[in-house]
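Start counting the sequence shown at 2; every next residue gets the next number (this note's numbering).
Beta carbons are placed, not taken as given, at the ideal position from N, Cα and C, and that holds for glycine.
The structure appears right after this line, and notes come after that.
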Amino acid sequence: MQRIQDGRRDIMIHDDASLEDLPVNGLPELPPVADPGSFIPVNMDEPRLYPGDVIVGVTDGRITFAELIFDKTDDAVVVVPLDTGTHTIMKGEHFSRRFFRADEVHIYDDVDTKTPQWDVEFDESELVRPEPSRAR
Numbered sequence: 002m003q004r005i006q007d008g009r010r011d012i013m014i015h016d017d018a019s020l021e022d023l024p025v026n027g028l029p030e031l032p033p034v035a036d037p038g039s040f041i042p043v044n045m046d047e048p049r050l051y052p053g054d055v056i057v058g059v060t061d062g063r064i065t066f067a068e069l070i071f072d073k074t075d076d077a078v079v080v081v082p083l084d085t086g087t088h089t090i091m092k093g094e095h096f097s098r099r100f101f102r103a104d105e106v107h108i109y110d111d112v113d114t115k116t117p118q119w120d121v122e123f124d125e126s127e128l129v130r131p132e133p134s135r136a137r
């Protein structure tokens, strides 16, 4: 386990984590995540995060958020809160701010799998259309 500790942040990175390592009970299977590469939260020098990582924030000894990092856009992070399972778009500044507000943040590295590459072709011949009818 790695630790990043400075005046306002206490971040613990759990390498090679799995679903069993997460501090959650009753978690269903997680959705496959995007694979846009790594990023560093806004206004920070570290840590480097990846889609598939799970972040858990603890304040006053209680878990205040636990989220799967699903994707990264130019100015936002798409997360899936583990308690709701819904995709949420979070502005980059808001995402980063929580690292400073929580007493400690745990990063579970590479918990989820990447979306498989798709090789889809459309087949217009499979479309069903009604037969033309006669005018009355």
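In its own chain, which residues sit with a C-beta less than 8 Å from the C-beta of residue i, not counting the 5 before and 5 after it?
i, result
"R10", "F100, F101, V106"
Just reading off the beta strand (DSSP E) that residue i is part of, what are its end residues?
i, result
"H15", "11 to 15"
"E68", "63 to 73"
"R4", "3 to 6"
"G58", "55 to 60"
Applying the criterion that 16 or more other CB atoms from any shown protein chain within 10 Å of the CB defines a buried residue, is residue i buried or exposed?
i, result
"V129", "exposed"
"G27", "exposed"
"V57", "buried"
"D112", "Here residue 112 is Val; the residue named in the question, Asp, does not match the sequence. Burial call: buried."
"E68", "buried"
"F123", "exposed"
What are the boundary residues of the alpha helix (DSSP H) that includes residue i?
i, result
"E105", "Not the alpha helix (DSSP H): E105 falls in the beta strand (DSSP E), residues 105 to 109."
"R102", "93 to 102"
Who are the near neighbours of residue i in its chain, counting only those whose CB is closer than 6 Å to its CB and skipping five residues on each side?
i, result
"P133", "none"
"I41", "R49"
"T114", "P33"
State the DSSP-derived secondary structure class of residue i, mapped to helix, strand or coil.
i, result
"F123", "coil"
"L83", "coil"
"L50", "strand"
Going along the chain, which residues of its own chain have a beta-carbon closer than 7 Å to the beta-carbon of residue i, five neighbours each way excluded?
i, result
"I90", "A77, V79"
"P37", "P52, D72, K73"
"A35", "P52, F71, D72, T116"
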